[in-house]
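Q: Heads up: the sequence shown runs through residues 1 to 525, numbered per UniProt numbering.
The C-beta atom is built at its ideal place from N, Cα and C for all residues, glycine as well.
These numbers were taken from a predicted model, which means no experiment stands behind them.
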Amino acid sequence: MQYCSTRGGVRGWDFRDVLFSGYAPDGGMFMPESVPVLSADTLNCWRGLPYNKLVVEVSSLFIPSQLIPREDLEVLVGEALSGFSVPEVVRIARLKDGLSILELFHGATLAFKDLAMTCTVRFLNYFLQKEKGRATVLVGTSGDTGGSAIQSAKGLSGLDVMVVYPRGRITPVQEKHMITCLEDNVHVFAADGSSDDIDQPLRCLFADQDLVKSHGLMSLNSVNWSRVMIQLAHFIYVYLELSDIAQDRAEAALPELEVVVPTGGAGNITAGFIVKQMGIPLKLVAMVNSNDIVHRAVSTGDFSMAAHVTQTLAPAIDIQDPYNMERVFWLLLDKDGLMVKTMMEEFQHSHRLSLPENHRKLLSQVLSTGTVTDEGILDTMRRCWEDNQYVLCPHTAVAVWHHYHCPHSPGINRCYVATASPAKFQTVVQRAGLTFDLPESVRALDKLATRYQTLERSPNWCKDWEETLRTKIQSAAERPTNSGSRAEGGRVPVSFFTCLPTCLTDNLRPCYEPAPYSFLMLTHN
1 MQYCSTRGGV RGWDFRDVLF SGYAPDGGMF MPESVPVLSA DTLNCWRGLP
51 YNKLVVEVSS LFIPSQLIPR EDLEVLVGEA LSGFSVPEVV RIARLKDGLS
101 ILELFHGATL AFKDLAMTCT VRFLNYFLQK EKGRATVLVG TSGDTGGSAI
151 QSAKGLSGLD VMVVYPRGRI TPVQEKHMIT CLEDNVHVFA ADGSSDDIDQ
201 PLRCLFADQD LVKSHGLMSL NSVNWSRVMI QLAHFIYVYL ELSDIAQDRA
251 EAALPELEVV VPTGGAGNIT AGFIVKQMGI PLKLVAMVNS NDIVHRAVST
301 GDFSMAAHVT QTLAPAIDIQ DPYNMERVFW LLLDKDGLMV KTMMEEFQHS
351 HRLSLPENHR KLLSQVLSTG TVTDEGILDT MRRCWEDNQY VLCPHTAVAV
401 WHHYHCPHSP GINRCYVATA SPAKFQTVVQ RAGLTFDLPE SVRALDKLAT
451 RYQTLERSPN WCKDWEETLR TKIQSAAERP TNSGSRAEGG RVPVSFFTCL
501 PTCLTDNLRP CYEPAPYSFL MLTHN
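1. Gly-370 by DSSP, collapsed to three states: which one?
2. Which whole runs of the alpha helix (DSSP H) in the region 295-361 are 4 residues long or more, in chain order?
3. Near Pro-422, which residues of its chain fall below 6 Å by C-beta distance, leaving aside the five closest residues on each side in sequence?
4. Can you give the Cα-Cα distance for Asn-185 and Lys-463, rounded to whole angstroms?
5. So Glu-103 is in the beta strand (DSSP E); what residue range does that whole segment cover?
6. Considering only residues of the region 129-205, which uninterrupted beta strand (DSSP E) runs meet the minimum length of 3 residues and lie entirely inside it, listed in chain order?
7. Only counting the same chain, and skipping five residues up and downstream in sequence, which positions put a Cβ closer than 6 Å to that of Trp-13?
8. Buried or exposed: where does residue 593 fall if 16 or more other Cβ atoms within 10 Å of its Cβ makes it buried?
9. Between which two residues does the alpha helix (DSSP H) carrying Met-29 extend?
10. Distance, Cα to Cα, Pro-356 vs Phe-189?
11. Here's the rule I'm using: 16 or more other beta-carbon atoms within 10 Å means buried, otherwise exposed. How should Cys-119 be labelled?
12. Just grab the DSSP bridge partners of Ala-418 for me.
13. Helix, strand or coil: how does DSSP classify Arg-94 here?
14. Measure the C-alpha to C-alpha separation of Glu-241 and Gly-48 and round it to an integer number of angstroms.
15. Hey, quick one: how far does the alpha helix (DSSP H) through Met-278 stretch, first residue to last?
16. Taking 8 Å as the threshold, find out whether the region 44-59 comes into contact with the region 231-241 through three or more Cβ pairs.
17. Tell me the residue span of the beta strand (DSSP E) that contains Met-1.
18. What are the complete alpha helix (DSSP H) segments, minimum 4 residues, inside the region 45-91?
19. With H, G and I counted as helix, E and B as strand and the rest as coil, what does DSSP make of Val-261?
20. What residue does the alpha helix (DSSP H) around Thr-471 start on, and which one ends it?
21. Could you spell out where the alpha helix (DSSP H) holding Gln-453 opens and where it closes?
22. Is the beta carbon of Val-139 closer than 7 Å to that of Gly-147?
23. Quick one: what's got a C-beta closer than 8 Å to Ala-420's C-beta in the same chain, skipping five residues either side?
24. Given Ala-271, which residues of its chain have a CB within under 7 Å of its CB, disregarding the five upstream and five downstream residues?
25. Write down the C-beta distance between Val-260 and Val-223 rounded to the nearest angstrom, noting that I regard them as a contact closer than 8 Å.
26. How far does the beta strand (DSSP E) with Ala-399 in it reach, from first residue to last?
27. Quick check: the region 375-384 against the region 398-410, are at least 3 beta-carbon pairs closer than 8 Å?
28. What are the start and end residues of the alpha helix (DSSP H) that includes Ala-233?
29. Determine whether the beta carbon atoms of Ile-319 and Gly-265 lie at a separation below 7 Å.
30. Using 7 Å as the threshold, is the C-beta distance between Pro-201 and Trp-465 below it?
31. Take the Cβ of Thr-342 as the centre, count every other Cβ of all protein chains shown within 10 Å, and call the residue buried at 16 or more, exposed below.
32. Span of the beta strand (DSSP E) holding Leu-220?
33. Is it buried or exposed for residue 526, if we count other Cβ within 10 angstroms and need 16 for buried?
34. Report buried or exposed for Asp-199, applying the criterion of at least 16 other Cβ atoms within 10 angstroms of its Cβ.
35. So what's Val-285 in DSSP terms, helix, strand or just coil?
Laid out in structure tokens, this is it:
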């Protein structure tokens, strides 16, 4: 299995190169050069597998055994998913009137990102140990991504994680998932500013090629193919659980399953579309809040950013740039890298793109959409509780709104993706007039010691923050390994293309600014 860029400028990369690279050097996103198709026999063999075993099977399609032998892959995935609060890792809640909810939030930070982040970090650490190297992940976050990265990487000797979050602008649970982590390889900074403010010093640090190369500085976001790859598994898992594909009907057409996904950066819906390309008949529905660029693209061909991001009750999908849609466009347009390059560069330059009608029709044939207001979110949360005594998080409510307002097609099962626990959004739960018993893991956060460093708003704050972070990056390079000595070889060797400055923020779009031999890229999720 080899990988190429959605913009046609790169081919023949292997999984290890892609894992450490983020964006491709031509500004595109990495995808497998060929998408494997699953036979009915394969699906029958996989039916009944626990989720973690299915992750191994799916990953092995995209990670050659020469890079990660099968027995090592099984250990890595097993370790990554061992800390989830339910033994099955993911769970399907079967409620009234055919309402099936795929719960993806049983990880350490109660969000679906834990599934892919834990596995991806284990893959990174595997190669770092094998190469006797170390790397530093620098993360600017407005919520979930920072906590998930920290919880996934804490205690790993080859990887330092530095997270900067906007003080006072995230939920208490999100903050506690970061500042209560006291491991030596975790470094948390509370900035007196916004996510946009945080991005400025981070861009400067990633633009310093000497710093990037000498310290293995990298980012970890949903642009990374590994995170999308792991997400394929939960679509296949829910299909196998909710569809009748008995062996005695091997010659019959596979039954269709409708999967409804709350959508922001579009990584999850992209994974679903790749699974569809793999031969599983999914009917995909992307539900959005008032930040409705995906809905407008499907409905009218208007793939354009609004002037401002609208703050809603579902903040994790308050996103104007669903950057993973580039992967969907590439697949829809028969892997035409030049066409995708032209489209996406126009979008990056003007923040606007009008899809040709034939492209819009192609998109609408594989993806349905809907948009939900804040009041619709609250109404859905209340109704689901009244019908089922089941509390939804506001993001899951964006998806479940579809259940109450769109007639169910006879003979087609439906599933709604739950991306976060309501425990993370107590204010919205209370606004809906509901209550929710916090899990012990959340209540325990209040009893833990905290550690973080404040980045104060000084007159020259941007430069001051940059220098504080630079000093921490440099000092982290001297941190001893768990055995008490630094791993031989120092930082992981980083090629030029591995070093593309990629800054991770939760609510910013990728943007490219011309600079000699570099791209500056801002991403969310």
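A: On the basis of the data shown:
1. strand
2. Entirely contained in the region 295-361, the alpha helix (DSSP H) runs reaching 4 residues are, in chain order, 325-332, 337-350.
3. Val-391, Cys-393, Val-429, Phe-436
4. 24 Å
5. 100-103
6. 135-140, 159-166, 186-191
7. Tyr-3
8. Outside the displayed span of the chain (1 to 525) sits residue 593, for which this structure offers no information.
9. Note, Met-29: premise wrong, no alpha helix (DSSP H); not H, not E.
10. 45 Å
11. buried
12. Glu-103
13. strand
14. 8 Å
15. Careful: Met-278 lies outside any alpha helix (DSSP H) and carries neither H nor E.
16. yes
17. Premise fails: Met-1 is in no beta strand (DSSP E) and is neither H nor E.
18. 51-62, 70-80
19. strand
20. That run of the alpha helix (DSSP H) goes 461-476.
21. From DSSP, Gln-453 is part of no alpha helix (DSSP H) but of the beta strand (DSSP E) over 453-455.
22. no
23. Phe-105, Leu-110, Ala-111, Phe-112, Asp-144, Ala-316, Cys-393, His-395, Thr-396
24. Val-228, Gln-231, Leu-232, Phe-235
25. With 8 Å as the limit, Val-260 and Val-223 do not qualify as a contact, their Cβ atoms being about 24 Å apart.
26. Note, Ala-399: premise wrong, no beta strand (DSSP E); alpha helix (DSSP H) at 394-405.
27. yes
28. 225-242
29. Judged by their CB atoms, Ile-319 and Gly-265 are nearer to each other than the 7 Å cut-off.
30. yes
31. Residue environment for Thr-342: exposed (fewer than 16 other C-beta atoms within 10 angstroms of its C-beta).
32. That residue, Leu-220, is in no beta strand (DSSP E); it is neither H nor E in DSSP.
33. An answer regarding residue 526 cannot be provided, because it is not within the stretch 1 to 525 covered by the chain.
34. buried
35. strand
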